[in-house]
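Everything in the sequence shown is counted per the working numbering, starting at 96 for the first residue and increasing by one. Glycine included, C-beta positions come from ideal geometry on N, C-alpha and C. What follows is a short report on a single structure.
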Amino acid sequence: MHSLVKLLCIVIISVHGQSGNFLDCKSGLLSAQQRAADLVSRMTIDEKITQIVTTTAAIPRLGLP
């Protein structure tokens, strides 16, 4: 039971750590321009290039469908 609690704590900490701080792009506290700038700043060059083409792929790590 003790090892299960340790495992659960590790999983929770890992998930929380991976969530990062990229909720700014979804925050209603920022203007649309600020949210867009935040989102684009978090995208990789490849993701930016992909968004330029007509058919774009989702970027799940940023919450983009």
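6 Å CB neighbourhood of residue i in its chain, flanking five on each side removed
i: Ala152; result: Thr145
i: Glu142; result: Ile154
Paired residues, beta bridge with residue i - DSSP
i: Ile154; result: Leu159
Reference residue i, options the options, closest by Cα
i: Leu157; options: Gln129, Gly123 and Arg137; result: Arg137
Cβ shell of residue i (< 7 Å), same chain only, five flanking positions each side left out
i: Leu159; result: Ala153
i: Ile140; result: none
C-alpha gap between residue i and residue j, whole angstroms
i: Gln128; j: Val135; result: 11 Å
i: Thr150; j: Ser98; result: 47 Å
Residues near residue i in its chain [Cβ-Cβ closer than 8 Å; skip 5 each side]
i: Ile147; result: none
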